[in-house]
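Scroll down for the structure; my scribbles are underneath it.
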Amino acid sequence: PHCPGDDINALLAASLDADPVLATAIDQLNALPWPAPALSGVSQPVLALTGDAGFVQLAPVARALWASHLEDRSDDLDRKVAPLDDAVAAGDADALKQAQVARQAYEDALAADGQVLIAQLQASLARAAKKGGADIGLCLNPQALMGCPGSDHTAELLPLLQADRKLNRALSALP
37 PHCPGDDINA
47 LLAASLDADP
57 VLATAIDQLN
67 ALPWPAPALS
77 GVSQPVLALT
87 GDAGFVQLAP
97 VARALWASHL
107 EDRSDDLDRK
117 VAPLDDAVAA
127 GDADALKQAQ
137 VARQAYEDAL
147 AADGQVLIAQ
157 LQASLARAAK
167 KGGADIGLCL
177 NPQALMGCPG
187 SDHTAELLPL
197 LQADRKLNRA
207 LSALP
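Going by our numbering, the sequence shown wraps up at 211, each residue one higher than the last.
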């Protein structure tokens, strides 16, 4: 709507739709099978928190409990790396080094966050275990990569974790 001149989108679309050669070529392209990514993985052992009889999955728990924190980390990385994109694409070695340093700092911060999250989850699950909760560990391996052996209790324990005031207070107090 902000461009000067006549809008010819409908005319172009009608012209393309009426072209039998183009329609045949598009049909041929659409008939080709699309490659499907194939993931292979190996089931990984559960990291025991209060035990390892069952587990919760790290990624869904982290997203549910700490979504805004994780988003802030990602946004911070984007703010640091986005200004370097053109220079990196042009082959600027200094810009690439700056981007790598920013990425490493991001990964280090996530690793530290993960240690805090694991410790807080362990404390929360220990409190729940005293009230009759199960022995639970943490599955760090995504389901797409074969997850972990045992019983997944993520769906049933996530509401309990989300309702744990001490857990939420401890996680929200972190920078």
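Just so it is clear, CB atoms sit at the ideal spot from N, CA and C, and this is done for glycine as well.
An exposed status is given to THR60, since fewer than 16 other beta-carbon atoms sit within 10 Å of its beta-carbon. GLY127 counts as exposed, since fewer than 16 other C-beta atoms from the protein chains shown sit within 10 angstroms of its C-beta.
If you draw a straight line from the Cα of GLY77 to the Cα of PRO40, it is about 54 Å long. Within the model, the alpha-carbon separation for LEU47 versus ASP53 is close to 10 Å. If you check the CB distance, SER187 and GLY90 come in under 7 Å.
The C-beta of ASN177 has 16 or more other C-beta atoms within 10 Å across all chains shown, which makes the residue buried. Look at GLY150 here: in three-state DSSP terms it is helix.
In this structure, LEU203 and SER160 form a Cβ contact; the two beta carbons are roughly 4 Å apart against a cut-off of 8 Å. Excluding sequence positions up to five before and after ARG109, its CB lies within less than 8 Å of the CB of TYR142, ALA145, LEU146, ASP149, all in the same chain and listed in chain order.
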